[in-house]
Every structure is written in C-alpha cells, then in structure tokens.
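Numbering (UniProt numbering), first residue to last: 1 to 211.
By construction, the Cβ of each residue, glycine as well, lies at the ideal position given by its N, Cα and C atoms.
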C-alpha cells in the first residue's frame, strides 16, 4: 500500500483510531520532549531531538504542529543501513536538525483522522513535503518516497502540549538528505521491541489526564 514516489523521501502509514483516540482523549504531556521521555522505546529519537536546533522548542508546550517520532528500532535500522554510530549523528547538529524538521508539520496539530487524502503538508524542512493518500484498506499513506517500506504509525494521536505526536516504525528521510548521512564505522544503536511496553510507559504517572 505505498503511495507513488514523488520527489523527496520515506512513507508513513497511519492506522486509524480506536487506540489512538483513546490515548488522545485520556492522556496529555506538557511537551514533545516530555512525551518522548515517557517511553524508553523513544529514547534514541529523544537524543536526536536534543542534538538538534529544535531541542528548546520541543521542550516548550507552545510548539504547535504534528510530530512523528520513530522508535529505537527505527533509528537503529537507519544507523545500520548507513553504517554510522549514534554518537556521530548526535554530534552533527545540522543533520540532526534536518532529520527532526522532516518529522514536523508546523502549525497544524493533526490527529490521524485529520490527515486528508490528497493533502500535501510542508514539513519544517524546506523542500520536504508529506502527501496523504489512502490505500485500498483505508489506511492513510504519508510519503517521502525514498524508503522501501512504509513507516507504520504504531501509536497515533498522543497529545504533547500544543502538538500531536504519532509514534512511527521507520525514520522519514527525504531523498535530498540521504547524501548527508556520512558513512562511518560502528554498530547500530541498541533497540528494543515494541508496542505493549510502549503503551505501558505512555500510561505512566508522567502522563497527565486531560481535564
């Protein structure tokens, strides 16, 4: 169920509600970084965000937008594919910033049900757009068309300040950003599975009930 390739980088398949709606209605975090910090399975992406120029903004609850957060396994797969170490990525603030910008639709806090087929969303990274289509099974596909596999949304609709965060299975890498992932030597960042543990940590005391 892949969208047709266009000019800029990877794909995300958004699974619809009921789980996402439950999370959206029951829990809220004060900021994107607070939401990332609540789940051990998002620790790698949290480190990438901290290394980027968006660190301060993601710690603020005032950042409005739609944010896609890849799991540790997703980050590990990217590092493995490009033969680079996690430390090399986090030391490169410019590259970390571009990667994080490619995962942010600024100004629009979009839930899974709000992602409309045919809509084209500019990300915070200039020139990188997400285009929504629908597969035969009704799932929305959000592509940057360089990845072979879609980045399935594991947990949608997590409230993070003025933003909405969706946890995804793959890192979204626009085509023009691939050459910036300089090859190096090292092992991929350690990763763990998966959704049940992720959900238990998201339902931790740090999660703030919506009033």
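- Using a Cβ-Cβ distance cut-off of 8 angstroms, the segment 76-88 and the segment 57-64 are not in contact, since fewer than three pairs of beta carbons, one from each stretch, lie closer than that value.
- Leaving aside the five residues that flank residue 120 on each side, the residues in its chain whose CB is nearer than 6 angstroms to its CB run, in chain order, 129, 131.
- DSSP, read as helix, strand or coil, puts residue 65 in strand.
- In the three-state reduction of the DSSP assignment, residue 131 falls in the strand class, which pools E and B.
- Residue 104 and residue 168 have their alpha carbons spaced roughly 13 angstroms apart.
- Residue state for residue 90 is assigned as helix, using DSSP reduced to three classes.
- Comparing alpha-carbon positions, the option among 110, 38, 117, 118 lying closest to residue 67 turns out to be 110.
- Per DSSP, the beta bridge partners of residue 163 are 65, 160.
- In the structure shown, residue 97 falls within a helical segment according to DSSP collapsed to helix, strand and coil.
- Contact annotation: residue 35 and residue 124 have beta-carbon atoms that are not nearer than 8 angstroms.
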